[in-house]
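In the working numbering, the protein residues as written are 20 to 195. We treat Cβ as the ideally placed atom computed from N, Cα and C, and that holds for glycine.
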Amino acid sequence: MDALFLPGDTKELKQEDLVLKKTESSEKTPEILTRPTDHVFTNYQTTSSQYNAVVGGLPTTCCPVRGVPSIRSDLPPPRIRRLGDRTNYGDDGSAYALLFPSVFSQKGVYEKDFFKTRPKAEIAGILRNIGMNISDERFEEIWKQASMKHQKEEFCVESIKNILDKIHASHRETGC
């Protein structure tokens with residue numbers, strides 16, 4: 020019973036597989052086997068980095084997206100949120116927005132309010148309420164510019180704001 024029982028596929032240690040246990044001792048121990056993953060490959064790339072590494076990589080129609088997205092744009096956000104609902108619908112603010120809120124959010128005006136379409140009289144009332152002393156003729160010019168650009172009867176505040184920004188920029192260029 021001096022011999023150990025080894026399964027048939029077990030390889031026996033050879034003399035070249037042994038290394039010194041310590042540099043000053045003559046005791047030998049088996050060499051630790053290395054795996055291919057222990058080596059660093061210089062040309063190693065994941066398949067996801069290969070697909071979308073360049074601008075114009077494979078479109079998602081070639082390889083459909085799988086899994087649950089981080090931002091659930093496929094689900095409409097509920098009108099009333101529950102405290103336990105941790106789903107990210109894409110309308111949550113960032114850490115920067117929490118630390119440095121805009122003037123609008125401090126006053127209770129949010130992004131959805133800027134992009135809600137409104138009739139002409141309501142937009143005129145909003146502009147007057149924020150302190151813009153604008154004549155009816157001037158407002159008609161701005162409304163005509165917005166209708167030429169969007170060809171709708173109702174506009175959002177953001178569209179009017181963009182037109183006012185363009186007018187202001189053109190006045191600065193000609194005035195300076």
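May I ask you to report which of helix, strand or coil DSSP gives residue i?
| i | result |
| --- | --- |
| F123 | helix |
| T106 | coil |
| R91 | coil |
| R157 | helix |
| R137 | strand |
What does the Cβ neighbour count give for residue i, buried or exposed, with the cut at 16 atoms within 10 Å?
| i | result |
| --- | --- |
| V122 | exposed |
| I182 | buried |
| A188 | exposed |
| A143 | buried |
Look at the Cβ atom of residue i, then the Cβ atom of residue j, and state whether they are nearer than 8 Å.
| i | j | result |
| --- | --- | --- |
| F174 | R137 | yes |
| A165 | S154 | no |
| Y108 | L94 | yes |
| T106 | R91 | yes |
| K135 | W162 | no |
| P120 | D110 | no |
Would you mind reading off the limits of the alpha helix (DSSP H) that contains residue i?
| i | result |
| --- | --- |
| Y115 | A114 to L118 |
| I149 | Per DSSP, I149 belongs to no alpha helix (DSSP H) and is neither H nor E. |
| D132 | E130 to F133 |
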